[in-house]
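The block underneath contains the structure these notes are about, expressed in structure tokens.
Shown next as structure tokens:
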């Protein structure tokens, strides 16, 4: 990924936050079927792993060998940025359009787990996390489904772990703009309801 | 990509609409530097091409040769779907969590253009499209910037075209659910402000 110094994300908490807020990774593989991607929710597990599961019918665990390099792409909200939004344009016409976004590219080595214990563990972790967010204390639990049914469902999935080898974070958030231009871009985004992106920009706000 | 029959997107207009609504492609290459991705706005050009531009400083045009296969990923809004949202759960406990999303994977052969005419053409097309959407008749035009400045900016970019060889569309939109469950999932998403995704689901609504 093209990484100009000014847009390199240096805050680990920003990268972790992005992954947590947008857990549906585009998992890119270059397996026996060539370039492919699958969109799978994943969770951080400790410092150096991401975990998730795929359908047994998903060829990813056949086309990508254990230990194969994969790229997981996480991305937040994005938006076109118009030169009209730079207030300094009145006195300085040297502006062009751009695009704002925040991404994390996580590289790692994937391995697949077919044993029921591993599969049950990752389903449990995902369920706990997303149900707590969605339904709080009234969250669905694996034990809400009949035991036979869950066993069948677990037999139809494969768990995976990605051992992280490299993380690239890029935050293209108008942080290279004059204070007045930056403030107006944030305002224009908010006026259009692009609030998540505007919110990510706030830490670069100046007085 | 894992493509169960029920989630294969068969409507070309849905795929075109997704690309138009979410033009920031994740362009995946497997070049001399291995798996990499860059996030670049692109436009459909005719039936069989996508066009855009990258910074001259972006290694993509050096690591991926003219004619190299690339994968462009386009994705709309996504959301976790809780089993609690299926009304039929009261009488049938056989449900598990899932995730809804809509993606298009466009495969093609990339080529890069370094001549000013090609670069000016693609910048013009992108500007026209996004300025019309953003600012209507008051849209910024390339001619709003000084000629020397625009020439310098154009000298710092590379245009590209992707000749499309394959398109995979996947719409995971609860279309495989009972009518009452489908309707309640849509309602839960709307109640949480996940309106774009709910909107994409509407065509599967039943009486």
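Protein chains in written order, with this note's numbering: chain A, 285 to 491; chain B, 285 to 491. Built from N, CA and C at the ideal position, the CB exists for glycine as well.
**Q.** chain B residues whose Cβ lies nearer than 8 angstroms to that of residue 353 of chain A
**A.** Correct list: 318, 319.
Q. In terms of residue numbering, what span does the beta strand (DSSP E) encompassing residue 392 of chain A cover?
A. Boundaries of the beta strand (DSSP E) around residue 392 of chain A: 382-397.
Q | Closest residue to residue 482 of chain A among A:311, A:296, A:470 (Cα-Cα distance) | A | Residue 482 of chain A has its Cα closest to that of A:470, out of A:311, A:296, A:470.
Q.
Please tell me whether residue 433 of chain B and residue 368 of chain A are closer than 8 angstroms, where the distance is taken between their beta carbons.
A. Not closer than 8 angstroms, so no.
Q | Rounded C-alpha distance that separates residue 475 of chain A from residue 485 of chain A | A | Answer to the nearest angstrom: the Cα atoms are 15 angstroms apart.
Q. Mind checking residue 322 of chain B: buried by the 16 CB within 10 Å criterion, or exposed?
A. Label assigned to residue 322 of chain B: buried.
Q. Looking at the unbroken beta strand (DSSP E) that takes in residue 433 of chain A, where does it start and where does it end?
A. In the DSSP assignment, residue 433 of chain A falls outside any beta strand (DSSP E) and lies within the alpha helix (DSSP H) extending over 431-439.
Q) Mind pulling the beta strand (DSSP E) runs of 3 or more residues that sit fully within the stretch 438-481 of chain B? A) Taken in chain order, the complete beta strand (DSSP E) segments of 3 or more residues contained in the stretch 438-481 of chain B are 441-456.
Q) Counting only beta-carbon atoms, is residue 418 of chain A nearer than 8 angstroms to chain B? A) So yes, residue 418 of chain A belongs to the interface.
Q: Could you work out which residues of chain B lie near residue 439 of chain A, taking near to mean beta carbons separated by less than 7 angstroms?
A: For a Cβ distance threshold of 7 angstroms, nothing in chain B lies close to residue 439 of chain A: the least Cβ distance comes to about 13 angstroms.
Q. Quick one: Cα of residue 448 of chain B to Cα of residue 371 of chain A, how far?
A. So the alpha carbons of these two residues sit roughly 40 angstroms apart.
Q.
Suppose the cutoff is 7 angstroms on Cβ atoms and the five residues either side in sequence are ignored; what does the same chain contact list for residue 459 of chain A look like?
A. Correct list, in chain order: 290, 488.
Q: Determine, using beta carbons only, whether residue 415 of chain A comes closer than 8 angstroms to chain B.
A: With 8 angstroms as the cut-off, residue 415 of chain A counts as an interface residue toward chain B.
Q | Per-residue contacts from residue 323 of chain A into chain B (C-beta, under 9 angstroms) | A | Under the 9 angstroms cutoff, chain B gives 285, 357, 359, 362, 383, 385, 387, 454, 456.
Q.
Here's the rule: buried if 16 or more other CB atoms are within 10 angstroms of the residue's CB, otherwise exposed. What is residue 376 of chain B?
A. By the neighbour-count definition (other C-beta atoms within 10 Å, threshold 16), residue 376 of chain B is an exposed residue.
Q.
If the criterion is Cβ atoms closer than 8 angstroms, does the pair residue 445 of chain A and residue 319 of chain B meet it?
A. No; because the gap between Cβ atoms is not below 8 angstroms, this pair is not in contact.
Q.
Run through chain A and tell me which residues come within less than 7 angstroms of residue 308 of chain B, C-beta to C-beta.
A. Going along chain A in sequence order, the residues near residue 308 of chain B (Cβ under 7 angstroms) are 362, 383, 385.
Q: Go through its chain and collect everything with a Cβ distance to residue 391 of chain A's Cβ below 6 angstroms, but skip five positions before and after it.
A: Cβ contact annotation for residue 391 of chain A (same chain, cutoff 6 angstroms, sequence separation greater than five): 355, 449, 450, in chain order.
Q: Check the Cβ-Cβ distances between residue 395 of chain B and every residue of chain A, and say whether any is below 8 angstroms.
A: Chain A contact via Cβ: absent.
Q: Kindly confirm or deny that the stretch 421-428 of chain A and the stretch 321-339 of chain A touch, where touching means at least three C-beta pairs closer than 8 angstroms.
A: With a cut-off of 8 angstroms, the stretch 321-339 of chain A and the stretch 421-428 of chain A do not count as touching, because too few Cβ pairs lie within range.
Q) Along chain B, which residues have their Cβ under 7 angstroms away from the Cβ of residue 411 of chain A? A) The answer, in chain order, is 381.
Q: Report yes or no: is there a C-beta of chain A within less than 8 angstroms of the C-beta of residue 468 of chain B?
A: No, no contact with chain A.
Q) For chain B, is any of its Cβ atoms less than 8 angstroms away from the one on residue 312 of chain A? A) Residue 312 of chain A counts as touching chain B.
Q. Does residue 342 of chain A get closer than 8 angstroms to chain B when you measure Cβ to Cβ?
A. Proximity of residue 342 of chain A to chain B, defined by a Cβ-Cβ separation below 8 angstroms, is satisfied.
Q) Where does residue 306 of chain A sit, in a helix, a strand or coil, going by DSSP? A) Looking at residue 306 of chain A - three-state DSSP - the assignment turns out to be coil, as it is neither helix nor strand.
Q.
Against chain A, with Cβ distances strictly below 8 angstroms, would residue 372 of chain B count as a contact?
A. No, because no Cβ of chain A sits closer than 8 angstroms to the Cβ of residue 372 of chain B.
**Q.** Start-end ranges of the beta strand (DSSP E) lying completely within the stretch 331-370 of chain B, minimum 3 residues
**A.** Listed in chain order, the complete beta strand (DSSP E) runs (minimum 3 residues) inside the stretch 331-370 of chain B are 333-339, 353-359, 363-365.
**Q.** Closer than 8 angstroms to chain A by CB, residue 460 of chain B
**A.** Residue-level contact check: residue 460 of chain B does not touch chain A, since none of the beta carbons of chain A fall below 8 angstroms from its beta carbon.
Q. Given that residue 402 of chain A touches chain B, what residues does it touch there, using C-beta distances under 9 angstroms?
A. Counting only Cβ-Cβ distances below 9 angstroms, residue 402 of chain A has no contacts in chain B at all, with the closest Cβ about 17 angstroms away.
(Q) I need the straight-line Cα distance from residue 416 of chain B to residue 473 of chain A, nearest angstrom please. (A) Their Cα atoms are separated by approximately 16 angstroms.
Q | Contact set between the stretch 418-435 of chain A and chain B, restricted to residues whose Cβ is under 9 angstroms from the partner | A | Answer set for the stretch 418-435 of chain A: 418, 419, 422, 423, 424, 426, 428, 429, 430, 433, 434.
Q. Since residue 313 of chain A sits in a beta bridge, which residues does DSSP pair it with?
A. According to DSSP, which records beta bridges pairwise, residue 313 of chain A is partnered with A:320, A:354.
Q.
Tell me the DSSP secondary structure of residue 325 of chain B in three-state form.
A. Strand.
Q: Name, in chain order, the residues that DSSP records as bridge partners for residue 292 of chain B.
A: In the DSSP output, where bridge partners are listed per residue, residue 292 of chain B has B:454.
Q) Does the count of Cβ pairs from the stretch 402-412 of chain A and the stretch 334-344 of chain A closer than 8 angstroms reach three? A) As far as the Cβ criterion goes, the stretch 402-412 of chain A touches the stretch 334-344 of chain A, which means the pair count is three or higher.
Q. Under a three-way DSSP split, which group does residue 490 of chain A fall into?
A. In the structure shown, residue 490 of chain A sits in coil (DSSP, three-state: anything other than H, G, I, E or B).
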